[in-house]
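Numbering (the UniProt record's numbering), first residue to last: 1 to 560. Glycine included, every Cβ here is placed at the ideal spot set by N, Cα and C.
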């Protein structure tokens with residue numbers, strides 16, 4: 001059968017071109033081979049294992065006919081003859097298949113197939129396998145820190161790497177640059193183990209302070225931060241205060257020695273108003289002056305969260321000192337305040353006295369080195385007489401005079417409700433009367449602590465002019481009791497006894513004798529002397545004859 005092209009001319013028969021193409025011969029002996037296998041009890045698959053297998057020979061070829069698509073076109077070249085033809089196949093029995101010659105039979109030997117066990121995935125393991133690299137997530141931040149240092153061109157700090165997961169890191173005076181502080185801040189941003197960070201004295205400046213502030217805006221696990229002596233300046237103050245307005249984790253911060261000036265005080269005012277968590281603020285060794293004191297004083301009065309504030313070593317004088325004192329007066333939560341070395345003067349000292357008379361929450365105050373005089377000391381003494389809460393009073397390195405020191409000691413001794421535990425009058429001169437009063441205080445309060453300056457022979461006020469002095473180098477008690485006998489070592493006592501002897505009989509009552517000793521204002525064993533005095537009075541009809549002491553005085557005079 002001949003399949004002609006779709007387009008057929010009415011007058012002419014289309015030209016037909018025959019091209020025999022090779023194809024796989026049809027299988028003629030397969031069925032016969034399968035029958036032989038069945039007779040022998042073998043399957044076609046088993047026959048493959050019995051030796052060489054004959055592949056069916058190719059006895060005939062499929063005949064294809066090419067019919068031009070354009071039956072009227074005459075090809076100009078053999079290449080054009082290959083184009084635009086329709087190909088059809090002649091089936092068995094067609095006219096064009098009888099003259100195709102058969103090819104010789106080809107024997108192909110296939111390899112015998114043996115019975116192999118079924119392999120599993122483990123059977124494919126070899127020694128040539130390469131172990132996969134295992135990556136671990138570094139939760140400590142060490143690898144991140146090393147990567148950041150490499151990025152910034154920094155030498156990693158070995159101390160920081162060793163202690164990066166500790167709850168406390170102290171890196172004082174390590175010479176950190178602002179960039180090194182930034183690298184540390186980037187690592188600590190996600191740290192949850194650190195609670196206390198100390199970077200004092202590294203001069204990280206405003207740039208480093210900004211990096212630390214950014215870190216603390218996200219990290220609220222750190223509760224104690226110290227950035228003293230880092231030259232943060234005004235920009236650093238603004239960054240730190242911005243952080244304090246949003247941070248809820250910090251409880252203590254040290255910003256001393258950073259060069260803050262009066263214009264920076266307004267940043268801390270906002271912080272003291274907004275922050276409800278900060279308990280301890282250190283702004284010492286800065287440059288706050290009179291204007292800064294006025295700004296900070298109002299903020300202290302409005303804050304009821306802070307427990308401790310340190311404003312020492314600034315320049316809070318005159319109006320600034322008075323404003324801070326008024327802030328203390330209005331504050332109801334402050335427990336400790338350090339105002340030392342600010343140059344308050346007498347005006348500031350009197351303002352502090354008024355604040356102590358009203359404030360009932362303050363437990364400790366330090367006003368050392370503020371040029372306070374005796375007037376301020378006496379007014380403060382009157383204030384603490386009614387203050388039942390103050391525990392520690394530090395007023396050393398002031399011009400209090402011996403009179404001011406005695407006034408403070410007397411108030412503590414005479415106040416029955418006073419809870420004073422320590423009186424610090426470092427470098428303030430005192431006399432023996434002050435020492436005697438302190439001995440009385442220690443009899444009532446054995447744990448009472450007192451510190452003072454040099455002990456003078458007599459007072460250093462105008463009222464002490466002409467007063468007989470006591471050599472502080474002598475350790476001899478003014479009165480001794482030897483086998484129930486009284487020995488007077490301080491002859492000033494006789495002059496006092498003469499004033500009590502109004503009838504000039506050289507006899508005084510035991511009460512007058514003890515009053516004279518008290519007026520002498522020298523330390524002595526009071527219980528022992530009192531017992532001896534009253535026993536001596538009982539032996540002498542209730543009065544004491546001190547004429548024997550006068551004879552003792554005359555015997556002690558050197559012979560001319």
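Exposure label - residue i; buried when at least 16 CB within 10 Å
i: residue 388; result: exposed
i: residue 402; result: buried
i: residue 511; result: exposed
i: residue 274; result: exposed
i: residue 360; result: exposed
i: residue 563; result: Examination of residue 563 is not possible in this model, given that the chain is present from 1 through 560 alone.
i: residue 420; result: buried
i: residue 542; result: exposed
i: residue 246; result: exposed
i: residue 547; result: exposed
i: residue 449; result: exposed
i: residue 414; result: exposed
i: residue 183; result: buried
i: residue 431; result: buried
i: residue 433; result: buried
i: residue 145; result: buried
i: residue 317; result: buried
i: residue 46; result: Residue placement at residue 46 cannot be trusted, given a pLDDT of 48 that sits under 50; what the coordinates show is reported in the next sentence. Exposed, by the Cβ-count rule.
i: residue 155; result: exposed
i: residue 262; result: buried
i: residue 383; result: buried
i: residue 284; result: buried
i: residue 153; result: exposed
i: residue 175; result: exposed
i: residue 248; result: exposed
i: residue 306; result: buried
i: residue 93; result: Because the pLDDT at residue 93 is just 48, under 50, the model does not fix this residue reliably, and the value given afterwards should be weighed accordingly. The residue is exposed, with fewer than 16 neighbouring Cβ atoms inside 10 Å.
i: residue 162; result: exposed
i: residue 226; result: buried
i: residue 427; result: exposed
i: residue 462; result: exposed
i: residue 138; result: exposed
i: residue 310; result: buried
Whole-number beta carbon distance between residue j and residue i, since they are thought to touch under 8 angstroms
i: residue 372; j: residue 400; result: 7 angstroms
i: residue 362; j: residue 328; result: 7 angstroms
i: residue 368; j: residue 396; result: 5 angstroms
i: residue 326; j: residue 351; result: 7 angstroms
i: residue 331; j: residue 312; result: Going by Cβ atoms, the distance from residue 331 to residue 312 rounds to 17 angstroms, so no, they are not a contact pair.
i: residue 404; j: residue 370; result: The pair is not a contact, with the Cβ atoms about 13 angstroms apart (cut-off 8 angstroms).
i: residue 202; j: residue 173; result: 7 angstroms
i: residue 259; j: residue 231; result: 6 angstroms
i: residue 572; j: residue 189; result: This structure cannot speak to residue 572, because the chain is shown only from 1 to 560.
i: residue 425; j: residue 390; result: Not confirmed; about 15 angstroms, so no contact.
i: residue 200; j: residue 229; result: 6 angstroms
i: residue 216; j: residue 243; result: 5 angstroms
In DSSP terms, what residue i is bridged to
i: residue 544; result: 508
i: residue 430; result: 455
i: residue 225; result: 197, 253
i: residue 170; result: 198
i: residue 189; result: None; residue 189 has no bridge partner.
i: residue 449; result: 422
i: residue 392; result: 364, 422
Neighbour flag for residue i against chain C, beta carbons, 8 angstroms
i: residue 286; result: Checking the listed chains, one finds no chain C in this structure; it contains a single protein chain.
Task: contact_flag[the segment 189-199, the segment 160-180] where n(CB pairs < 8 angstroms) is 3 or more - done: yes
TODO: Kindly provide the ranges of any beta strand (DSSP E) runs that are 3 or more residues long and lie completely inside the segment 335-362, ordered along the chain.
DONE: 336-338
Open item on the list: Would you call the segment 377-388 in contact with the segment 315-324, where contact means no fewer than 3 C-beta pairs closer than 8 angstroms?
Closed with: no
Open item on the list: I want to know whether the segment 491-505 touches the segment 526-542 - three or more CB-CB distances under 8 angstroms.
Closed with: no
Open item on the list: Across the segment 259-270 and the segment 208-215, are there enough close Cβ pairs to call them in contact, namely three or more that are closer than 8 angstroms?
Closed with: no
- [ ] Any chance you could list the beta strand (DSSP E) runs of at least 3 consecutive residues sitting entirely within the segment 242-312, in chain order?
- [x] 252-254, 280-282, 308-310
- [ ] Evaluate contact between the segment 227-236 and the segment 288-308, counting only Cβ atoms and requiring at least three cross-stretch pairs below 8 angstroms.
- [x] no
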